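Structure record follows, encoded as structure tokens.
Numbering (the UniProt record's numbering), first residue to last: 1 to 685.
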């Protein structure tokens, strides 16, 4: 039987609560026991103690620590808590392991210089902002939206150093200053900020081989001042019959002797290019340090990379022996042209690549910040020696250029399906394993596509450029199919700005159909605008769905959005005198793209007979004949007209690069495979 607990209760039904009455109130009052009412009588109530205990110990929200601890040790709470704890630990370990596995298996992300085409600007011809007829840095800033409109994220600006503008500005008078014709250093800083604000990158030219003869270094050197005495290459010359006899038969790129007598120093100085551009002496370590300081200066200004030009000329043989004649029966006295000699002693000398690796090392010091890798390209065209070109990539252990710029597609003698294949294959089969290719179809020193191969091939050349693996380089104006201006339109005044042969491809950018093509609001431009500007300009082509500009934008969009296009395999399928056919594919994706490009006459090809297991139908994803886009074609009968290009999309589970018939015909730079289940790329495939 339960034990009874006595409890005193007021007859009025409860105990009076004075909990909120101040103690002082009771202390100040004197209790009169005689006047108190009779104390209420008490009564005994029986209460079950177990019931009271259960009521007090039941968990409730906000319970204090003491009550909580009474329950935490109970089995039903302790076991649940331990299960949840170990589940969380296991999940965390699994998440860490999965993260490590994904990182280990994921391919290297494409860097910014790999992921986007490069747009090359000749600043004097891009946009004039101050009505003086010369393009400038502010003009480039005004037109940055055009770069983003093209789906391009990298801008390459050719030389803008202070210069007398001989050799079109490549002989610098001051490597630390902007030529006033292009603006000021403040204009350059504003341009860099604007480029980066739009998420773009900028590459600039640097020609370290020579300076202008107006450069302070040369003026000090010709006067034999201190350390500058040997900053250039000086040699004694002999006098004979009142004329100067040079030390040897070396000839400049522009023709005639590469030695020029200086009346101040009474010696000859060496120049690989014009006599106004004396060569620096790179065997002098102080000269090398000067160039490294220049690199640091511009990287500090925010430049994202350099194209180093004319680097094969940096060193010359010290023995000064005559270079061998191409035609051994020719009288050496009559040698005046650069092509008449083998340049064994004035190009690509031992020690050259050590200097370039010094450039790379300096640039790497500025590449440590995530997302700020500094690109290095070498702009030298070893036309006859592809092996020498590939050396600019560096070695597997020593980094040099990210890539030497590739001009194979420009140097072709004749356009055909076979010649295009040969130009592409020459680069791909000689490129060191794991390196990244690049392609250019125009430059400031080569005739424009329309002029070089014909208007009818502009679109198919752009299609080739933007669907090959690697980084494409577009020279300003090629996206709208600009042509060279006529040479007879180049006046004597223009010739003073540089070699006349390279001026027609530098005509002002054609923005619209207004006077001077929207290039300048001034009365004239430094070079004449092409007479076709009213039909070939950015404004009008932006409004045409079937324009060269619209196709260019569609191709860059395809390249940016489709994995097989920006990092997949390339396999040669077919080539003949008319067509070049290749496929782009990625392991794990059953969607493949096949390019059928016509560089000759009308042609019909049976792709199904060439590629085993090829689907019988393909969809035309893009075409140079815009009305064909979206059509379904029979792969047994692919017909192309002169200058027509097709991007065919096919569905097939069998990758071409795994087929025996195409072994040795496929290449990949940054290998990756796609997982449909995880929707990610991985490398071990």
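From the three backbone atoms N, C-alpha and C, an ideal C-beta is built for every residue, glycine too. If you're wondering where the values come from, they're calculated on a predicted model, not measured in any experiment.
Residue 644 vs residue 575 beta-carbon contact at 7 Å: For the purposes of this step, residue 644 is taken as the residue at position 644 of the chain shown. For the purposes of this step, residue 575 is taken as the residue at position 575 of the chain shown. Not a contact, by the Cβ cut-off of 7 Å.
Have a look at residue 420 and residue 296 and give me their C-alpha separation to the nearest angstrom. Residue 420 sits at position 420 when you count from the first residue of the chain shown. Residue 296 sits at position 296 when you count from the first residue of the chain shown. Using only the alpha carbons, I get a separation of about 39 Å.
Is the beta carbon of residue 125 less than 7 Å from the beta carbon of residue 152? Stepping through the chain shown from its first residue, residue 125 is reached at position 125. Stepping through the chain shown from its first residue, residue 152 is reached at position 152. Result no, Cβ atoms of residue 125 and residue 152 do not sit closer than 7 Å.
Could you tell me how far apart the beta carbons of residue 106 and residue 681 are, in whole angstroms, since I believe they sit closer than 8 Å? Position 106 of the chain shown, counted from the start, is the residue given in the question as residue 106. Position 681 of the chain shown, counted from the start, is the residue given in the question as residue 681. Residue 106 to residue 681, Cβ: 6 Å. Contact.
Nearest to residue 278 by alpha carbon, out of 609, 251, 171? Within the chain shown, numbered from 1, the residue matching residue 278 stands at position 278. Ranking 609, 251, 171 by Cα distance to residue 278 puts 171 first.
Between which two residues does the alpha helix (DSSP H) harbouring residue 75 extend? Here residue 75 is taken as the residue at index 75 of the chain shown, counted from 1. Start and end: 75–105.
Taking the Cβ atom as the reference point for each residue, do residue 696 and residue 323 lie within a distance shorter than 7 Å? Outside the displayed range of the chain (1 to 685) lies residue 696, so it cannot be described from this structure.
Considering Cα atoms alone, identify which of 411, 299, 241 is closest to residue 363. Along the chain shown, one-based indexing puts residue 363 at 363. Considering only alpha carbons, the answer is 299.
Measuring CA to CA, which of 417, 149, 638 is closest to residue 550? For the purposes of this step, residue 550 is taken as the residue at position 550 of the chain shown. It is 149.
Report, in whole angstroms, the separation of the C-beta atoms of residue 305 and residue 374, which I expect to be a contact under 8 Å. As a working note, residue 305 is residue 305 in the chain shown. As a working note, residue 374 is residue 374 in the chain shown. Right, the Cβ-Cβ distance comes to about 5 Å (below 8 Å), so this counts as a contact.
So, using beta-carbon positions, are residue 392 and residue 400 closer together than 7 Å? Here residue 392 refers to the residue found at position 392 of the chain shown. Here residue 400 refers to the residue found at position 400 of the chain shown. For residue 392 and residue 400, yes; Cβs fall inside 7 Å.
Taking all protein chains shown into account, do 16 or more other C-beta atoms lie within 10 angstroms of the C-beta of residue 3, making it buried, or fewer, making it exposed? Walking along the chain shown from the start, residue 3 turns up at place 3. Unreliable placement is indicated for residue 3, whose pLDDT of 44 sits below 50; no coordinate value is reported for it.
Identify the continuous alpha helix (DSSP H) that holds residue 472 and give its terminal residues. Counted from its first residue, the chain shown places residue 472 at position 472. It is not in any alpha helix (DSSP H) - residue 472 instead sits in the beta strand (DSSP E) that spans 471–475.
Report yes or no: do three or more beta-carbon pairs, one from the stretch 154–162 and one from the stretch 195–210, lie closer than 8 Å? yes
Is the stretch 519–535 close to the stretch 565–582, with three or more CB pairs under 8 Å? no
Taking all protein chains shown into account, decide if residue 354 is buried (16 or more other Cβ within 10 angstroms of its Cβ) or exposed. If you number the chain shown from 1, residue 354 lands on position 354. Residue 354 comes out exposed.
Report all residues from its chain with a CB closer than 6 Å to the CB of residue 380; omit the five preceding and five following residues, and keep chain order. For the purposes of this step, residue 380 is identified with residue 380 of the chain shown, where counting begins at 1. Here the set comprises 311, 312.
Of the listed residues 238, 473, 459, nearest to residue 480 (C-alpha basis): Translated into the one-based positions of the chain shown, residue 480 becomes position 480. Taking only the C-alpha atoms, the option nearest residue 480 is 459.
Quick one: what does DSSP say residue 52 is sitting in, helix, strand or coil? Here residue 52 refers to the residue found at position 52 when the chain shown is read from its first residue. Because residue 52 carries a pLDDT of 49, less than 50, the predicted location of this residue cannot be relied on, and no value is offered for it.
State the DSSP-derived secondary structure class of residue 337, mapped to helix, strand or coil. Counting from one through the chain shown, the residue named residue 337 turns up at place 337. Three-state DSSP puts residue 337 in coil, outside helix and strand.
Shortest alpha-carbon distance to residue 284 belongs to which of 240, 219, 209, 128? Within the chain shown, residue 284 is the residue found at index 284, counting from 1. When only C-alpha atoms are compared, the closest one is 209.
To which residues of the same chain is residue 111 closer than 6 Å at the C-beta, ignoring the five residues directly before and after it? By one-based count along the chain shown, residue 111 stands at place 111. Same-chain partners within the cutoff: 373.
Can you list, in chain order, the residues of its chain with a C-beta nearer than 7 Å to that of residue 182? Leave out the 5 residues immediately preceding and following it. Numbered from its first residue, the chain shown carries residue 182 at position 182. The answer, listed in chain order, is 123, 136, 137, 160.
Comparing C-alpha positions only, which one of 639, 292, 223, 294 sits nearest to residue 267? As a working mapping, residue 267 is identified with position 267 in the chain shown. Among 639, 292, 223, 294, the Cα nearest to that of residue 267 is on 223.
Quick one: residues in its chain with C-beta nearer than 6 Å to the C-beta of residue 580, no 5 flanking neighbours on either side, listed in chain order? For the purposes of this step, residue 580 is identified with residue 580 of the chain shown, where counting begins at 1. Taken in chain order, the residues that qualify are 417, 420, 421, 597.
Please report the straight-line C-alpha distance between residue 405 and residue 671, rounded to a whole angstrom. As a first step, residue 405 is located in the chain shown; it is residue number 405 there, counting from the start. As a first step, residue 671 is located in the chain shown; it is residue number 671 there, counting from the start. Each residue's Cα considered, the two are about 22 Å apart.
According to DSSP, simplified to helix, strand and coil, what is residue 396? For this step, residue 396 is matched to residue 396 along the chain shown. Correct three-state label for residue 396: coil.
Quick one, which of 412, 555, 388 has its alpha-carbon nearest residue 344's? Taking the first residue of the chain shown as position 1, residue 344 is located at position 344. It is 388 whose Cα lies nearest to the Cα of residue 344.
Let me make sure I understand the geometry here. Which of 190, 246, 276 has the alpha-carbon closest to that of residue 214? Within the chain shown, the letter at position 214 stands for residue 214. Here the closest residue by C-alpha is 276.
Helix, strand or coil at residue 481 [DSSP, three-state]: Your numbering for residue 481 matches position 481 in the chain shown. Three-state result, residue 481: coil.
Distance check for residue 403 and residue 436, CA to CA, integer angstroms please. Here residue 436 is taken as the residue at index 436 of the chain shown, counted from 1. Here residue 403 is taken as the residue at index 403 of the chain shown, counted from 1. Their backbone Cα atoms lie some 7 Å apart in a straight line.
According to DSSP, what are the bridge partners of residue 630? On the chain shown, position 630 is the one that residue 630 refers to. According to DSSP, which records beta bridges pairwise, residue 630 is partnered with nothing at all.
Look at the alpha carbon of residue 328 and the alpha carbon of residue 337, and state the distance between them as a whole number of angstroms. One-based indexing of the chain shown puts residue 328 at position 328. One-based indexing of the chain shown puts residue 337 at position 337. Rounded to the nearest angstrom, the two C-alpha atoms are 15 Å apart.
Nearest-angstrom Cα distance between residue 133 and residue 531? The residue you call residue 133 lines up with position 133 of the chain shown. The residue you call residue 531 lines up with position 531 of the chain shown. Each residue's alpha carbon lies about 17 Å from the other.
Outcome for residue 584 when other beta-carbon atoms lying within 10 angstroms are tallied against a minimum of 16: Within the chain shown, residue 584 is the residue found at index 584, counting from 1. So residue 584 ends up on the buried side.
Please tell me whether residue 615 and residue 586 are closer than 7 Å, where the distance is taken between their beta carbons. Numbered from 1 along the chain shown, position 615 holds the residue referred to as residue 615. Numbered from 1 along the chain shown, position 586 holds the residue referred to as residue 586. For residue 615 and residue 586, no; Cβs fall outside 7 Å.
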